[in-house]
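S.K.:
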Amino acid sequence: MGAGSMGTLLGACLTRAGRPVDLIDIDSQHVDALNAGGATVRGTMNFNVPVHALIPEEMEGVYDLVFLLVKQTNNRSAFEQLKPHLHKKGIVCTLQNGIPEPVVAAAFGKRRTLGCAVTWAAILVGPGVVECTAERERWSSLIGSLNNRFTEKIREVQEILSLVCPTEFIDNLMGIRWSKLLINCSFSGICAALGCTFGEILENEKAFKYAQYIARECIRVSEVQGYEMVPMADGKNFKALMDFEREEDRPATARIYHELWGSVKSGKASMLQDLEKGRRSEIDAINGLLSRTGRRFGVPTPVNDRVVKIVKAIEKKRLNPCIENLEIFKEL
Numbered sequence: 523m524g525a526g527s528m529g530t531l532l533g534a535c536l537t538r539a540g541r542p543v544d545l546i547d548i549d550s551q552h553v554d555a556l557n558a559g560g561a562t563v564r565g566t567m568n569f570n571v572p573v574h575a576l577i578p579e580e581m582e583g584v585y586d587l588v589f590l591l592v593k594q595t596n597n598r599s600a601f602e603q604l605k606p607h608l609h610k611k612g613i614v615c616t617l618q619n620g621i622p623e624p625v626v627a628a629a630f631g632k633r634r635t636l637g638c639a640v641t642w643a644a645i646l647v648g649p650g651v652v653e654c655t656a657e658r659e660r661w662s663s664l665i666g667s668l669n670n671r672f673t674e675k676i677r678e679v680q681e682i683l684s685l686v687c688p689t690e691f692i693d694n695l696m697g698i699r700w701s702k703l704l705i706n707c708s709f710s711g712i713c714a715a716l717g718c719t720f721g722e723i724l725e726n727e728k729a730f731k732y733a734q735y736i737a738r739e740c741i742r743v744s745e746v747q748g749y750e751m752v753p754m755a756d757g758k759n760f761k762a763l764m765d766f767e768r769e770e771d772r773p774a775t776a777r778i779y780h781e782l783w784g785s786v787k788s789g790k791a792s793m794l795q796d797l798e799k800g801r802r803s804e805i806d807a808i809n810g811l812l813s814r815t816g817r818r819f820g821v822p823t824p825v826n827d828r829v830v831k832i833v834k835a836i837e838k839k840r841l842n843p844c845i846e847n848l849e850i851f852k853e854l
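Taking the working numbering, I'd label the letters of the sequence shown as residues 523 to 854.
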C-alpha cells in the first residue's frame, strides 16, 4: 500500500518471484499504467512484469500481509482505508521513512506491527515506470518488532522479503530505525533543501560538511535515549565511522559516506521528488523528528534544524530547492 517508487519496485519484484500481490496507490494514472503495461523497472535492474494495481476504493476482501509505503503525511486516510481490509490476524510491515512503528501500532496493534529498513532505492520516472538507483548486490532488508521477539509471523515475512533481497531479523528495532534515520536525515534532508542528487551532495564540499554534522547530531540524539545503532550497509558501524569530536577530525569520516552513497549518485530523495511535484514532504517525520527529539532530550541539532526550516520554506513557496540555499547555513 503506497505503490509509488519503492512500493512499485517491491511489488514488481515479488510478483516476478511468483507471489500474488496487489499494488495499491492513490495515483489513478499510475495505477492505470501499471495495469495496462505492467510495472517497468529500469536502472540497476531492467525488467517488465504484468501486475495487478488498484486505487484504495477498489480494495476487496482482506489481506494477510500489507507492506506499508505510503507517505507518513497520508497515514490517517490510508489507515482508515486499510482497516476494513486487514485480516484479524493480518500483519502490517511498515517500510516508511522515519520511525513509523508507534503510529502504526496505535492503529493496528503492536502484535500486528513489524518494521523494516531497506538499503534499496528507486525513483518514480513516470506512470508505471520506476528507476532503481541502488546496485543489486547492495540490497538488504532488516526487519524487527516492537517487542524485539522473533515469531512465526516474522519468519513468514522474512521468507517473502528474501525473495527480493537478503533479509535479516534484528532484535533491536529502534537501533535499526535510528541507523536508517541517520541516513535519511543526513543526505535526504540536505538533498531536499538544496535540490541536489546524492552524488551532487558528495561532490560539494560545503553541502557534504553539513551532511556530516547532521549525522553527528543524529548519533548524539540516539545515544541520549540509550539506543545502540544497528550496523547497516555491509555491517558498517555508523557511530564508529561517522562520529567526531572536533572539526579537524571530521574529514576522516568522509570515506563511509562515499561507500554508502557512491553507488546511488543519481538518486534523488523522495522528499525532493515531492517538493518538485508541489506536494507536502515528509520533513516532519524525518528531519523534524530528529529536531523534536533533540529538544526533548536537551541535545542541540542546529544544522538539522536549519534543513527543516529551509524545506518548510520551500513547501510554502518562499524558497526554491536550489544549491544557493547553502547561504542560509553560513552563520552556523
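Yeah, the Cβ is synthetic: ideal placement off N, Cα and C, and Gly gets one too.
All figures in this text were calculated on a predicted structure; none of them were measured in a lab.
1) I need the straight-line Cα distance from Leu782 to Leu794, nearest angstrom please.
2) Buried or exposed for Cys844, please, with buried defined as at least 16 other CB atoms from any protein chain shown within 10 angstroms of its CB.
3) Leaving out five residues before and five after Trp661 in sequence, what residues of the same chain have Cβ atoms less than 8 Å from its Cβ?
4) Under the DSSP definition of a beta bridge, which residues are partnered with Cys638?
5) Any idea what DSSP makes of Asp586, helix, strand or coil?
6) If we ignore side chains and look at the alpha-carbon of each, how far apart do Val856 and Leu811 end up?
7) Leaving out five residues before and five after Lys831 in sequence, what residues of the same chain have Cβ atoms less than 7 Å from its Cβ?
8) Out of Val825, Thr823, Val829, state which residue places its alpha-carbon closest to the alpha-carbon of Ser803.
9) Short check: CB of Ile698 to CB of Leu646, under 7 Å?
10) At which residues does the alpha helix (DSSP H) containing Gly810 begin and terminate?
11) So, for Lys702: in the same chain, excluding its five sequence neighbours on each side, which residues have a beta-carbon less than 6 Å away from its beta-carbon?
12) In or out: Lys790 buried (at least 16 other Cβ within 10 Å) or exposed?
13) Which residues share a DSSP beta bridge with Val652?
14) How many angstroms separate the CA atom of Val679 from the CA atom of Pro572?
M.R.: If we stick to the structure as given:
1) Straight through space, the alpha carbons of Leu794 and Leu782 are spaced by roughly 19 Å.
2) Classification of Cys844: exposed, given that the 10 Å Cβ count is below 16.
3) For Trp661, where only same-chain residues beyond five positions count, the Cβ hits under 8 Å are Val640, Thr641, Trp642, Val686, Cys687, Pro688.
4) Note: Cys638 is bridge-paired with Ile665 in the DSSP secondary-structure output.
5) Residue state, collapsed to three classes: strand.
6) Because the chain in this structure spans residues 523 to 854, residue 856 falls outside the shown range and cannot be described.
7) So no residue of the chain qualifies.
8) Ranking Val825, Thr823, Val829 by CA distance to the CA of Ser803 puts Val829 first.
9) Going by C-beta atoms, Ile698 is not nearer than 7 Å to Leu646.
10) Start and end: 809 to 819.
11) Result list for Lys702: Ala639, in chain order.
12) With at least 16 other beta carbons inside 10 angstroms of its own, Lys790 counts as buried.
13) Partner residues in the beta bridge of Val652, as assigned by DSSP, are Val563, Leu646.
14) Taking the Cα positions, Val679 is about 23 Å away from Pro572.
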